[in-house]
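Asks: In terms of the UniProt record's numbering, the sequence shown opens at residue 7 and continues consecutively.
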Amino acid sequence: MKQLVIAIDGYSSCGKSTTAKAVAAALHYAYVDTGAMYRAVTLHLLEHQIPFDDLGRVEAALHELTISFRRNRRTGRNEVFLNGVNREDDIRQMVISNSVSEVSVIVMVRHAMVAQQQRMGRRRGVVMDGRDIGTTVFPDAEVKVFMTADVVVRAQRRQVELAGNGEQVALDDIIENLRKRDHLDSTRAESPLRRAADAVLLDTTHLVIDEQVDFVLERVSAAL
Ligand code: C5P
7 MKQLVIAIDG YSSCGKSTTA KAVAAALHYA YVDTGAMYRA VTLHLLEHQI PFDDLGRVEA
67 ALHELTISFR RNRRTGRNEV FLNGVNREDD IRQMVISNSV SEVSVIVMVR HAMVAQQQRM
127 GRRRGVVMDG RDIGTTVFPD AEVKVFMTAD VVVRAQRRQV ELAGNGEQVA LDDIIENLRK
187 RDHLDSTRAE SPLRRAADAV LLDTTHLVID EQVDFVLERV SAAL
């Protein structure tokens, strides 16, 4: 059967990853969480105390770090490995969310991540979620979905997710973080968060996961 690229872009915490993972599982496709890659770079820079504006050190860091994904057989989760070490839980913390959009604005970081993402999807048969998949990473993706949702609903979902990871964060702090990231992500010069002209809009404010997944799978059927 024809192997597609499915691009799921949109604002922070709209349910992109949850939807993308379920779609990938239903189709037996690979899943790539591109946000996890920017989070991993951020974690590396913070841990090595590399200032984000020290481009020489950022460039050296990009050469020395490797980011990969492995499926956890017990949980079925796709987890991110930084230099061979599982850092899945660490990259989800608020300290990373608070800095990641300042790192993802750096042009050389974007070029390195986009190149790796294009390599990961070169055989197609992949669901990729992020901010610039349908516009920059795979402008030729056969299915493009752009997700949005009310910011309070998004923050509530994120709060539950963080609590599941053992972190209690006030709703207002999460709302502020989402607004700040959306603004930085949408206004950066290099591959900003933007709906591709041919992406279909999906507002998840009043939807449950199954409805979101069905919506994408219907688009897939239409594209096959
Ligand atoms: O998807 P997630 O919320 O984990 O992404 C974290 C951050 O990574 C985003 O706020 C954005 O700054 C950056 N990102 C990006 N391009 C992507 C995916 C994520 O700039 N394709």
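Beta carbons: idealized from backbone N, C-alpha and C, even for Gly.
Go through its chain and collect everything with a Cβ distance to residue 226's Cβ below 6 Å, but skip five positions before and after it.
Replies: 149
Asks: Report the three-state DSSP secondary structure of residue 183 (helix, strand or coil).
Replies: helix
Asks: Following a CB-centred definition, is residue 44 positioned closer than 7 Å to any heavy atom of the ligand C5P?
Replies: yes
Asks: Quick one, which of 35, 217, 200 has its alpha-carbon nearest residue 128's?
Replies: 35
Asks: Would you check if the segment 35-45 and the segment 14-26 touch, i.e. whether three or more CB-CB distances between them fall below 8 Å?
Replies: yes
Asks: Given 7 Å as the limit, tell me if residue 29 has its C-beta closer than that to any heavy atom belonging to the ligand C5P.
Replies: no
Asks: Would you call the segment 95-110 in contact with the segment 176-191, where contact means no fewer than 3 C-beta pairs closer than 8 Å?
Replies: yes
Asks: Please determine if the segment 171-185 and the segment 75-82 are in contact, where contact requires at least 3 C-beta pairs separated by less than 8 Å.
Replies: no
Asks: Whose CA, out of 88, 214, 7, 27, lies closest to the CA of residue 47?
Replies: 88
Asks: One question on the structure: do residue 86 and residue 102 come within less than 8 Å of each other, judged by their Cβ atoms?
Replies: no
Asks: Using the three-state DSSP reduction, which class does residue 17 fall into: helix, strand or coil?
Replies: Reduced to three states, the DSSP call for residue 17 is coil.
Asks: When the Cα of residue 97 is compared with those of 223, 137, 190, 168, which residue comes out closest?
Replies: When each option's Cα is compared against that of residue 97, the closest is 168.
Asks: If you draw a straight line from the alpha carbon of residue 155 to that of residue 214, how long is it in whole angstroms?
Replies: So the two alpha carbons sit approximately 12 Å from each other.
Asks: Using DSSP with H/G/I as helix, E/B as strand and the rest coil, what is residue 71?
Replies: coil
Asks: Check each candidate in 93, 193, 163 and name the one with the smallest Cα separation from residue 137.
Replies: 193
Asks: Taking only heavy atoms of the ligand C5P into account, decide whether any of them is closer than 7 Å to the Cβ of residue 106.
Replies: Yes.
Asks: Quick one: grab the DSSP three-state call for residue 148.
Replies: coil
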